[in-house]
């Protein structure tokens, strides 16, 4: 085993401890993976005596974010690796928040529409979010993979926090979409 790799693992461990990262996963998201993450996070939250209302919000956000990866991660190839329905999923904790961060590949042509959708959702107040949610349920244009931004709207409504996001270029045709959601630790 290369000592440089072992040093990387130790540095990664120290970084996870410093940022209170409780769970990290990279790969394909399945129903079984989602169930396992919920169980692992539930154990962490019980250990920290989190309020049941906070737990329910965290679980809800986790499921929405994991569904986003499994349904909307675009497929592309990079060298010998193929990425389809794969992404990164991370749960961390601060004094005030539980944080759920996801990342997955999307085609560049989808970036503007997704960015505009998130910006619109971030600018709305609670009543406007509720109205948008109802309107999207009734008449929203659903994509072939399901959804009309309902997951983002629902996350924003549940957490009452703006969605933080970024798009990082992977190739000239693909970007990496990162989304972080903050769930207050007070109910």
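Residue numbers (my numbering): 2 to 188. Using N, Cα and C, we set each Cβ at its ideal position, and we do this for glycine too. Keep in mind it's a predicted model, so treat the numbers as computed, not measured.
Excluding the 5 residues preceding and the 5 following residue 164 in the sequence, name in chain order all residues of the same chain whose CB lies nearer than 7 Å to its CB.
119, 122, 123, 153, 156, 157, 180 and 182
Does the segment 91-103 come within contact of the segment 16-32, defined as at least 3 CB pairs closer than 8 Å?
yes
Would you check if the segment 9-22 and the segment 31-48 touch, i.e. whether three or more CB-CB distances between them fall below 8 Å?
no
Starting from residue 92, trace the beta strand (DSSP E) both ways and give me its first and last residue.
87-94
Mark residue 113 as exposed unless 16 or more other C-beta atoms lie within 10 angstroms of its C-beta, in which case mark it buried.
exposed
Residues in its own chain within less than 6 Å of residue 45 by CB, not counting five upstream and five downstream?
23
If you draw a straight line from the alpha carbon of residue 96 to that of residue 52, how long is it in whole angstroms?
Distance between the alpha carbons of residue 96 and residue 52: 14 Å.
Please determine if the segment 48-66 and the segment 5-12 are in contact, where contact requires at least 3 C-beta pairs separated by less than 8 Å.
no
State the Cα-Cα distance for the pair residue 74 and residue 161, rounded to the nearest angstrom.
25 Å
Where does residue 63 land, buried or exposed, given buried means 16+ other C-beta within 10 angstroms?
buried
Comparing alpha-carbon positions, which option in 66, 168, 99 and 106 lies nearest residue 150?
66
Could you say which of 57, 101, 54 and 55 lies nearest to residue 69 if we only look at CA atoms?
Residue 69 has its Cα closest to that of 101, out of 57, 101, 54 and 55.
Below 8 Å on the Cβ atoms is my guess for residue 29 versus residue 87; work out the distance and round it to an integer in Å.
5 Å
Let me know the secondary structure DSSP gives residue 69 once reduced to three states.
helix
For residue 106 and residue 32, what's the separation of their Cα atoms in angstroms?
20 Å
According to DSSP, is residue 8 part of a helix, a strand, or is it coil?
Three-state result, residue 8: helix.
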